[in-house]
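Single-structure report; data block below.
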Amino acid sequence: MSGAPRYRFAPSPTGFFHVGGARTALYNWALAQRTGGTFVLRIEDTDESRNSPEWTRGIIDALAWLGIDSSSPAFEGPHFQSANAALHVEAAMRLWREGHAYWCDLTPEQVQERARESGRQGYDGYSRDRGLEPGPGRVLRFRVPEGVTVVEDLVRGRVEFSNDTIEDFVLLRGNGTPMFLLANVVDDIEMGITHVVRAEEHLPNTPKQQMLWRALGQPAPVWAHVPVLVNEQRKKLSKRRDKVALEQYRDEGILPAAMVNYLMTLGWAPAGDTEIVPWERIVEEFRLEDVNHSPAFFDVKKLLAFNGDYIRMMDPAGFIDACAPVLAATDLWPASRFDAECFTAIAPHVQTRVAVLGEVPAMVDFLFLPDAPLDDASWDKAMSADFAREILVDMASGLVDCEWSAVAIKGVLDAWCERTGVKLGKAQAPVRVAITGRSVGPPLFESIEVLGREASLARLRSALGRLD
RNA sequence: GCUCCCAUCGUCUAGUGGCCUAGGACACCACCCUCUCAAGGUGGCGGCACGGGUUCGAAUCCCGUUGGGAGUGCCA
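Right, here's the structure in full:
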């Protein structure tokens with residue numbers, strides 16, 4: 000065993016990959032990368048039946064999307080906690096033999112009853128000195144020593160817990176199965192974990208775990224409890240009310256680099272005046288000691304802004320490639336009508352106009368539909384202009400034999416504007432609606448060029464017909 | 001209730017006793033650019049929760065108040 004640090008990451012078994020978990024994973028990964036350490040993935044559930052292969056697969060896919068590559072030498076796992084049950088029980092028995100734990104035959108109801116009578120919280124240590132042997136229905140409890148437990152935390156500093164506020168917690172259930180807390184520590188020791196970087200919500204449990212490490216004869220790992228992610232109500236992100244599944248953002252067309260960069264700026268900031276920085280710089284600069292102490296609001300608006308920046312940073316070909324999945328998945332047009340060349344031609348114009356890839360299909364659908372997708376509000380507004388009919392007639396004739404380029408097409412409209420004195424900004428509106436169906440979208444003349452002469456003329460005539 | 005954590009613009013943050021008249025980013029507003037919408041450019045709005053100390057000097061250190069949050073299972 001070398002001295003290289005080993006960082007444990009354990010996603011909470013929720014059925015999806017939580018954005019908060021994603022950030023913690025990134026912290027661990029960045030640290031492992033910089034220090035030459037190892038990122039140890041652990042699936043933590045003492046109940047094997049809940050460790051579904053799909054869930055594990057999903058975790059690994061999500062991590063890969065974030066750039067945490069399971070085939071990297073720095074990546075280890077997944078380890079399944081439930082596979083180590085025998086080891087957990089063995090450790091518990093050792094703690095009992097050495098006097099660090101004792102058996103208790105009280106039922107949960109009896110424990111509650113005693114607490115109610117004495118007016119004190121939790122278990123009162125009733126069986127501490129009764130010298131009970133193991134037996135069915137009996138739980139093994141840890142004998143919390145007197146004194147104070149000091150947790151040295153890399154982000155919080157020194158945190159003290161008076162041991163008399165910690166009850167003798169259960170290690171082994173009445174049915175003999177190990178509790179999470181025990182399993183966790185035994186696995187950490189077994190896997191040589193040196194750094195535990197996780198969400199702040201685990202801080203109150205830390206003294207218990209640290210006592211377990213000591214009782215098992217091991218020096219505690221380095222702890223780091225990072226602040227939780229909250230919603231606008233300043234409450235911990237919840238599955239019910241908040242959008243917390245990483246997969247959902249991925250499916251909507253958030254770029255992994257943008258998500259990674261944004262997540263890293265929650266509770267931390269790279270040096271300098273810009274927060275948009277490549278992963279390499281994050282690896283170089285990120286320090287747990289610099290992580291903020293207070294909860295951070297997960298701001299989707301800012302995520303979108305980051306994503307827009309990342310979209311614009313892509314080269315045109317890269318953008319086109321990135322759009323492929325959303326274009327293939329859309330049901331806005333029949334798949335057979337999609338034309339890759341058309342999309343390639345219009346792509347640079349949509350690249351500056353979207354914040355997520357998911358917006359792309361709706362912006363170019365008019366190119367792949369037989370007719371302009373009609374938006375009534377846009378139509379009513381644009382066609383109410385008194386020159387609407389006139390301009391459509393003029394374009395319908397002008398486009399018949401003009402040179403087929405965006406500039407030439409613009410020239411036709413410019414000429415009309417010159418004759419009538421109508422501003423181009425006004426004059427383009429009815430044409431835009433006739434061609435694209437909407438009042439907003441990519442630049443008009445390029446759109447017409449890409450659409451083609453025949454289709455454009457057909458749409459102008461069809462709009463004219465509709466005007467009557 | 002008990003234990004623990006936290007407190008800089010609306011939001012995310014920089015700041016570790018003098019470089020602070022508190023810097024940046026997102027959002028918002030205005031202007032410029034412009035065929036719509038964006039993008040881009042320029043500028044603006046806006047903050048150290050409160051009260052006491054310590055110090056020549058406090059956003060920064062200490063105490064208290066208030067306000068938030070988390071944990072409190074024979075769950076993980």
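Residues in the first sequence are numbered consecutively from 0, following numbering that gives the first Met the number 0. Using N, Cα and C, we set each Cβ at its ideal position, and we do this for glycine too.
Unbroken beta strand (DSSP E) run spanning residue i, endpoints
i, result
"VAL355", "No beta strand (DSSP E) holds VAL355; DSSP gives it neither H nor E."
"GLY76", "74-79"
"HIS194", "194-198"
Distance between residue j and residue i (C-alpha atoms, nearest Å)
i, j, result
"MET0", "LYS207", "Caution is warranted here: a pLDDT of 46 is assigned to MET0, below 50, making its placement in the model unreliable, and the coordinate value is therefore given only provisionally. Cα to Cα, the separation comes out at about 27 Å."
"GLU468", "ASN260", "This structure cannot speak to residue 468, because the chain is shown only from 0 to 467."
"VAL80", "LEU170", "According to the sequence shown, residue 80 is Gln rather than Val. Distance between the alpha carbons of GLN80 and LEU170: 15 Å."
"GLU75", "SER438", "53 Å"
"LEU40", "ASP364", "43 Å"
"MET178", "ILE59", "26 Å"
"ALA304", "GLY424", "28 Å"
"ALA407", "PRO226", "58 Å"
"ARG465", "ILE434", "13 Å"
"THR273", "GLU288", "20 Å"
"PHE38", "GLY136", "38 Å"
"ARG293", "ALA198", "According to the sequence provided, residue 293 is Ser. The question's Arg does not apply to it. Each residue's alpha carbon lies about 12 Å from the other."
"ASP123", "GLU132", "19 Å"
"ALA316", "ASP298", "30 Å"
"SER404", "ARG233", "54 Å"
"ILE319", "LEU153", "44 Å"
"GLY121", "GLU283", "46 Å"
"LEU373", "ARG431", "11 Å"
"LEU62", "ASP385", "58 Å"
"TRP212", "HIS87", "13 Å"
"ALA85", "THR106", "24 Å"
"VAL184", "ARG7", "11 Å"
Three-way DSSP call (helix, strand, coil) for residue i in this model
i, result
"HIS292", "coil"
"LYS235", "strand"
"PHE386", "coil"
"MET0", "Its pLDDT being 46, under 50, MET0 is placed unreliably by the model, and the measurement read from it follows with that caveat. DSSP places MET0 in coil when its eight states are reduced to three."
"PRO481", "Any answer about residue 481 is impossible in this case: the structure gives the chain only from 0 up to 467."
"LEU215", "coil"
"TRP222", "strand"
"VAL411", "helix"
"VAL421", "coil"
"VAL110", "helix"
"VAL227", "coil"
"PRO442", "coil"
"TYR26", "helix"
"MET474", "This structure cannot settle anything about residue 474, because the visible part of the chain is limited to 0 through 467."
"ARG431", "helix"
"PHE365", "helix"
"ASP44", "coil"
"ASP375", "helix"
"MET210", "helix"
"MET394", "helix"
Span of the alpha helix (DSSP H), counted from its first residue to its last, around residue i
i, result
"TYR261", "255-263"
"ARG304", "The residue asked about is misnamed: residue 304 is Ala in this sequence, not Arg. It spans 299-312 - the alpha helix (DSSP H) in which ALA304 sits, taken as one unbroken run."
"GLU279", "278-284"
"GLN549", "Limits of the chain in this structure are 0 at one end and 467 at the other, which puts residue 549 out of reach."
"ALA328", "315-328"
"SER524", "An answer regarding residue 524 cannot be provided, because it is not within the stretch 0 to 467 covered by the chain."
Residues bridged to residue i [DSSP beta-bridge criterion]
i, result
"THR351", "THR351 is not bridged to any residue."
"GLU151", "ARG157"
"VAL39", "ARG7 and GLU75"
"ARG140", "TYR101 and VAL169"
"HIS17", "ALA244"
Top-ranked residue by Cα proximity to residue i, from the options
i, options, result
"PHE444", "GLY464, LYS422 and VAL411", "VAL411"
"GLU53", "TRP64, VAL227 and PHE16", "PHE16"
"VAL150", "PRO324, ARG452 and GLN209", "GLN209"
"ALA454", "PRO442, ALA371 and GLN247", "ALA371"
"ILE275", "ALA257, ARG286 and GLY20", "ALA257"
"PRO269", "VAL290, GLY252 and LEU391", "VAL290"
"GLY451", "CYS416, ILE345 and ALA361", "ILE345"
"HIS201", "THR23, ALA381, VAL421 and ASP241", "THR23"
"GLU43", "PHE168, GLY36, THR34 and THR55", "THR55"
"VAL359", "ILE188, LYS238, VAL325 and GLN32", "VAL325"
"PRO255", "LYS242, GLY66 and SER70", "GLY66"
"ILE192", "ALA100, GLU166, ALA219 and ASP393", "ALA219"
"LEU391", "ARG5, GLU340, ASP467 and ARG127", "ASP467"
"TRP267", "ALA29, PRO12 and SER71", "ALA29"
"ALA82", "THR205, ALA182, PRO277 and ALA9", "ALA182"
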